[in-house]
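Since the structure comes first, as structure tokens, the remarks are kept for the end.
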Amino acid sequence: MAAPRNLIVSEIGKQKDEEDPIQQDSPSPSMGKKSLGFKSSRRWELGAAVGIILFFSIGLFCVYSTMPAAEFGRIRLPRSISDLRILKDHLTTYAEEHQAQFILGYCSAYIFMQTFMIPGTIFMSLLAGALFGVIRGLVLVVCNATTGASSCYFLSKLIGRPIVNWLWPEKLKYFQAEIAKRNDKLLNYMLFLRITPTLPNTFINLASAIVDVPFHIFFLATLVGLIPASYITVRAGLALGDLKSVKDLYDFKTLVVLFLIGSVSILPTILKKKRIYE
């Protein structure tokens with residue numbers, strides 16, 4: 001008698017499933033809200049990245065389309081201090097006579113290089129100091145570096161995970177673990193990383209989005225944390241004739257100073273840990 005009874009129960013279950021297939025397969029309201037939120041955030045990130053890329057692309061086009069052919073032919077991306085000296089000599093007159101166009105082109109080129117991780121932004125920082133002086137050069141460099149890093153952050157959210165996993169798999173795991181440990185004092189930790197050469201800036205720009213560092217913390221840490229190193233680089237641009245190589249910028253004394261400044265940013269975290277253990 002048990003077998004027929006089980007058969008009847010299974011048949012009733014089948015009929016129920018056939019009568020109400022929508023209820024069985026339909027997602028819950030909470031799942032729908034999550035998917036909508038995910039889609040909207042992805043659209044916002046894509047829109048921000050595309051907007052920044054369009055900005056400097058249009059800027060580059062406007063500047064280079066109005067630049068005299070003689071000046072255009074002399075512009076090359078510097079790869080050494082000697083290349084930078086030649087570029088500075090060629091651009092001094094043009095930068096003075098067409099300052100607005102030059103600044104627009106400079107900013108567009110800097111953001112482009114920072115966004116797509118093209119080496120050479122340190123030469124652009126030196127050039128800013130040589131052509132604009134310390135104050136204006138520092139403002140230009142910090143603003144461009146922050147904008148380019150932000151653009152790189154958004155692009156990394158879209159396509160960065162496989163790149164970082166391929167280039168720095170172990171470093172990414174370490175960074176993710178450190179971010180998880182310092183969640184309550186994340187801004188202090190990000191400031192420390194920006195001020196000191198503990199991790200490469202390129203890696204920080206790409207990996208921060210992957211390990212879910214909030215953008216407002218990433219942006220503020222970048223804007224403030226890049227000031228000390230940028231000041232050193234821009235100031236060195238005033239004396240290009242005395243500079244032999246990029247390595248001369250960051251000697252032992254300079255690195256010690258940067259680590260001391262960076263230590264101030266994580267001092268609240270260290271003091272908090274001591275109080276907890278006491």
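Those letters in the sequence shown? Residues 1 to 278, per UniProt numbering, in order. Note that the Cβ used here is the ideal one computed from N, Cα and C, for glycine as well. Quick caveat: nothing in here was measured; it's all calculated off a predicted structure.
| said: Starting from D89, trace the alpha helix (DSSP H) in both directions and tell me its first and last residue. | reply: According to the DSSP assignment, D89 belongs to the alpha helix (DSSP H) that extends over 81-97.
| said: I'd like the list of long-range same chain contacts for G262, defined as Cβ closer than 6 Å, with 5 residues on each side in sequence excluded. | reply: Cβ neighbours of G262 beyond the five flanking positions: F192, I195, T196.
| query | From K173 to S57, what distance separates their C-alpha atoms? | reply | Put simply, the backbone Cα of K173 is about 35 Å away from that of S57.
| request: Report yes if the CB atom of G120 is closer than 7 Å to the CB atom of L77, and no otherwise. | output: Inclusion of G120 and L77 in the CB contact set at 7 Å is warranted, their separation being smaller than that value.
| said: Please classify L87 as buried or exposed, where buried requires at least 16 other C-beta atoms within 10 Å of its C-beta. | reply: Note on L87: 16 or more other CB atoms within 10 angstroms of its CB, so buried under the neighbour-count rule.
| task | Measure how close the beta-carbons of T146 and L223 come, nearest whole angstrom, since I'm counting them as under 8 Å. | result | Rounded, the Cβ-Cβ distance is 5 Å, consistent with contact.
| query | For V264, which residues from the same chain have a beta carbon less than 6 Å from its beta carbon, with the 5 sequence-adjacent residues on both sides left out? | reply | Excluding positions up to five away in sequence, the list is empty.
| query | Rounded to the nearest angstrom, how far is the Cβ of S230 from that of S125, given a contact under 8 Å? | reply | S230 to S125, Cβ: 6 Å. Contact.
| task | Locate the alpha helix (DSSP H) running through F154, then write down its first and last residues. | result | First-last of the alpha helix (DSSP H) with F154: 121-167.
| said: Residues in the same chain with beta-carbon distance under 6 Å from Y110, minus the five sequence neighbours each way, listed in chain order, please. | reply: If you ignore the 5 residues before and after Y110, its C-beta comes within less than 6 Å of the C-beta of M124, N144, all in its own chain and listed in chain order.
| request: Output the distance between the C-alpha atoms of W168 and A100, rounded to the nearest integer angstrom. | output: The straight-line gap from Cα to Cα measures roughly 40 Å.
| Straight-line CA distance for K185 to I266? | Between K185 and I266, the alpha-carbon positions lie close to 8 Å from each other.
| task | Kindly indicate which three-state DSSP category P200 falls into: helix, strand or coil? | result | DSSP places P200 in coil when its eight states are reduced to three.
| task | With DSSP collapsed to three states, give me the class of L104. | result | In the structure shown, L104 sits in a helix (DSSP, three-state: H, G or I).
| Would I204 be called buried (16 or more neighbouring beta carbons within 10 Å of its own) or exposed? | Around the beta carbon of I204, 16 or more other beta carbons sit within 10 angstroms, so the residue counts as buried.
| According to the Cβ coordinates, are G137 and A149 closer than 7 Å? | Taking 7 Å as the Cβ cut-off, G137 and A149 do not qualify as a contacting pair.
| said: Looking only at its chain, what residues have a beta carbon closer than 6 Å to the beta carbon of G225, apart from the 5 residues adjacent to it on each side? | reply: Excluding sequence neighbours, G225 sits near L191, R194, I195.
| Three-way DSSP call (helix, strand, coil) for R235 in this model | Of the three classes helix, strand and coil, the one that applies to R235 here is helix, per DSSP.
| Excluding the five sequence neighbours on either side, which residues of its own chain have a C-beta within less than 6 Å of the C-beta of Q176, listed in chain order? | Taken in chain order, the residues that qualify are V211.
| task | For V164, I'd like the list of residues in its chain whose CB is within less than 8 Å of its CB, leaving aside the five on either flank, ordered along the chain. | result | In the same chain as V164, and ignoring 5 residues on each side of it, the C-beta atoms closer than 8 Å to its own belong to S156, L172, F203, L206, A207, I210, in chain order.
| query | Whose C-alpha, out of L158, G237, D89, is nearest the C-alpha of I135? | reply | Looking at the Cα atoms, G237 is the closest of the given residues.
| field | Cα-Cα separation between G160 and V141, rounded to whole angstroms | value | Between G160 and V141, the C-alpha separation is close to 24 Å.
| By Cβ distance below 8 Å, which residues in the same chain neighbour R235 in space, the five residues on each side in sequence not counted? | Excluding sequence neighbours, R235 sits near G129, V134.
| What is the DSSP secondary structure of R182, counted as helix, strand or coil? | Residue state, collapsed to three classes: coil.
| said: Can you tell me whether I189 is helix, strand or coil according to DSSP? | reply: The residue asked about is misnamed: residue 189 is Tyr in this sequence, not Ile. Three-state DSSP puts Y189 in a helix.
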